[in-house]
Amino acid sequence: MAPSSTFISYLNLKFFSSSQLFLKLVQQTIGTKMSKHNRVSNSTAQKSNEYQLEMALKHSVMSVDVVHGTGSSVSRRPMSLLLLMAQAARMSVGSHLRDYTGGLMLLYKKVVGFLDACLGPRCVCAPNMMSVKVFCFALLVLIGQVHAHEEEMDMDMEMSMVTETSSNVTSTSTSSFPVVATPFVPKHPHGLPILQRPGLTDGERLYWSQYNVTTYFNTDKGNRSALHVHVALLALATVVLYPMCLALHSIRSSWYLLGLLANLLVVVSSLFALSVFGGTFPEDWYPNNAYAKTSWILLFAVLVHFVSAVVTRASRWVAGDAMYDDEGGSGFIPLQEMTPTPEGEPEDEVDEVDLEDPLRRHKAEDTMKMRRDGFLSRVLGSKLVQRLATKFGTPFEITYRLLNYPLFIYLLMDCGFGVAVGNLFGKGPRIFNLLAHWIKGGVFFVLGLISLARYCGIGQGHGWSWNKVVVLRDPLRPPQSAIARAFSPKGTLSMEFIESFLIFFYGSTNIFLEHLAGAGGAWTAKDLQHVSIAFMYIGTGLCGLLTEIKLNEWKFEHVLQHTEGVPREDILQASPGYSPNPFPTFTIFWTGILMSQHAQASEASRLIHMQWGYLLSYGSFFRLLTFIILFLVPNKDFRPSMPFTELIVSFCLLCGGLVFMESTDQVVEALEYRGFTPMFSFNLSVGVVALVMAWEMVLLFWRNWLQRRQSSQL
């Protein structure tokens, strides 16, 4: 008998003595799983799978036959055998064949032929034991592959078919199609619309199949031109016109009222276009929406603000005083007494007229008199305006002060309401999730705008531009009352004091708001997590207020140590431009850490929450660096110190607030439905924030240029 025949006889004996048990195990394993899929299988799919198995086996055998020969090729044949067995196991488990025994017998014949060709020249009288061991090991690999794929059989049938198809196409590509050189083949569902992703459950597929992407912005109904005009004009007023009006107001420009008039006309035109669109829209997709109400409030607010500004200007025009008080316009501190010392005050950087300098005061009055002509003279000199200014000057001035800067915040809020209603966000119980994210995110966004404005010099008269401020006593004024001293402490009201008060106020009003979505029901773990944030706000806000009281004397003494040429008894108030109060920064840091670590419904939502959480934390870190820099290098003059760390703080707050707003459930769903990843939205947010910062800095540099130009004309 030939050597190869001897080995084959031995192999037949050993193989068939154990193959029955082996095939039983395979059939039982596969048959059990097949019973779960009989309801969805069909003959067409089975024929396709049988063909794919046959092609894979042929491809594997062809790959094995390639290595026939001598030398180093022979040493690789056992590995080819193992690959053949493993591939056959994968295909037999995933193909759902009716007759697995036939497929395995085909495999056995190919293996026997391979061993005959491989071991014939080497075996003389007995089988090669190493080859037998390799073959037995291959059988064990086959059994292991069968059991390893048991869990995959429980997956959705469509996902299994997609996986099998891609795997089989890969297996047969070398024999059926030319190979295309590709460095990396995408193997994950990121970037795919959610309905194209594998592994969706029946409930998920039902939800996303019914997901409606129609909004007021992409429908063809209604007067589309009117909607576009409304959006464009409202954006123009919010982003361009009213911020320019505030800049003109801060330098007491004679163009301020004309700017307000232009802003009023644009806002009214925008709201008129909105009414046209609403009248032509055939359906009410968002009953009782808030945007209709906020639009009416906006119309009333801009009208009252304009009238109040005109009457206030008229009363000052009649009296011959300066047009406005300070660039802050907030009324926290009477700036008639907050004049920096002449020794350290740069003439071209002063934000207010030095009332203790008679020469400059007379120059300012003369300049104002020269400007009392033209359009403003006709408006302010009219009988109606004069009568209102005489009888109601004080109430109108109070109203004007209360509306001037808050009106900009309200414009931002109205735009937010418009975006939400236009996209049909916040309907039903989802309003609570929307408000929670957009209010908090909007607060951080506004804080970022304020932080950048402080860096550019806004609030210099209060010491809010990270600049030293000294208030001299005015012998012509009576002493301050107890109430005035309480609101104008020795160390002045710092920005950290205002932040601490707002944190305390927000926490106090937010305790029971976190349970509105489940009002009347049990408090969930998520509710308790959110309300714990409110407790933190109350605690840190109160700690910040108490810290400000303790630091009041320190701020005053710190300025005296670094100010020369001014007697101590002549100084009424003083501040180094900051307060080393860590609690506002502490609050922002832990808000970012705690609120970004909630369990979320999807991976995308979790990543977006982590993005804004880290941004807020980074901003807090750089704010602490600002304190350290100013403490180690105190301000020597009254110019804004412009610490570079505040630019990073501004970016982190702006971008963190914007991403915070994006993390609301409906925004995340809109992103996932279209296949947009968290990094896609994050990239857009970074770009938008960079443009916002650039526009704000351009606007404030323009304001400073106008201020220097006016100062040079005095």
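In my numbering, the protein residues as written are 566 to 1279. Just so it is clear, CB atoms sit at the ideal spot from N, CA and C, and this is done for glycine as well.
- Around the Cβ of residue 1267, a 10 Å sphere holds fewer than 16 other Cβ atoms; the residue is exposed.
- Per DSSP, residue 1139 is one residue of the beta strand (DSSP E) stretching across 1136-1140.
- Out of 1240, 867, 1012, the CA that lies nearest to the CA of residue 1185 is found in 1012.
- The alpha helix (DSSP H) runs lying completely inside the segment 1197-1233 and spanning 4 residues or more are 1210-1227, given in chain order.
- By alpha-carbon distance to residue 957, the top candidate from 881, 1087, 1110 is 881.
- Remark: three or more beta-carbon pairs, one from each stretch, lie closer than 8 angstroms, so the segment 840-853 and the segment 791-798 are flagged as touching.
- Between residue 1229 and residue 1002, the C-beta spacing is below 7 angstroms.
- Collapsing the DSSP output to three states places residue 867 in a helix.
- Sorting 1109, 805, 1231 by C-alpha distance to the C-alpha of residue 827 places 805 at the top.
- When DSSP states are grouped into helix, strand and coil, residue 989 belongs to the coil group.
- One thing to note: residue 1028 has its Cβ within 7 angstroms of the Cβ of residue 1142.
- Cβ contact annotation for residue 1127 (same chain, cutoff 6 angstroms, sequence separation greater than five): 1199, in chain order.
- Assignment of beta-bridge partners to residue 1037 by DSSP yields 1136.
- Contact annotation: residue 1221 and residue 973 have beta-carbon atoms that are not nearer than 7 angstroms.
- With respect to the C-alpha of residue 1022, the residue from 1270, 757, 988 having the closest C-alpha is 1270.
- With contact defined as three or more Cβ pairs closer than 8 angstroms, the segment 1204-1214 and the segment 989-1003 are not in contact.
- A straight line joining the alpha-carbon of residue 1155 with that of residue 1176 spans about 14 angstroms.
- The beta strand (DSSP E) runs lying completely inside the segment 1006-1037 and spanning 3 residues or more are 1034-1037, given in chain order.
- Around the C-beta of residue 744, fewer than 16 other C-beta atoms lie within 10 Å, and the residue is accordingly described as exposed.
- Taking every protein chain shown into account, the CB of residue 862 has fewer than 16 other CB atoms within 10 angstroms, so this residue is exposed.
- Per DSSP, residue 1166 is not a residue of any alpha helix (DSSP H), being assigned neither H nor E.
- According to the DSSP assignment, residue 851 belongs to no alpha helix (DSSP H), since it is labelled neither H nor E.
- Pairing residue 790 with residue 763, the inter-Cα distance amounts to about 41 angstroms.
- The continuous alpha helix (DSSP H) containing residue 1276 extends over residues 1243-1278.
- Per DSSP, residue 956 is one residue of the alpha helix (DSSP H) stretching across 948-969.
- Residue 877 holds the alpha-carbon nearest to the alpha-carbon of residue 955 among 877, 969, 992, 989.
- Taking C-beta atoms as the reference points, residue 787 and residue 846 count as a pair closer than 7 angstroms.
- Residue state for residue 773 is assigned as helix, using DSSP reduced to three classes.
- Per DSSP, residue 816 lies in no alpha helix (DSSP H) segment and is marked neither H nor E.
- The criterion of a C-beta distance shorter than 7 angstroms is satisfied by residue 1055 and residue 1138.
- For residue 1002, the secondary structure class from DSSP, reduced to helix, strand or coil, is helix.
- In the three-state DSSP reduction, residue 767 falls in the helix class (H, G or I).
- The three-state secondary structure of residue 785, taken from DSSP, is coil.
- Non-local C-beta neighbours of residue 987 in its own chain, meaning closer than 7 angstroms and more than five positions away in sequence, comprise 780, 781, 782, ordered along the chain.
- Apart from the 5 residues on each side of it in sequence, residue 874 sits with its Cβ closer than 7 angstroms to the Cβ of 822, 825, 965 in its chain, given in chain order.
- Here DSSP, grouped into helix, strand and coil, assigns residue 1183 to helix.
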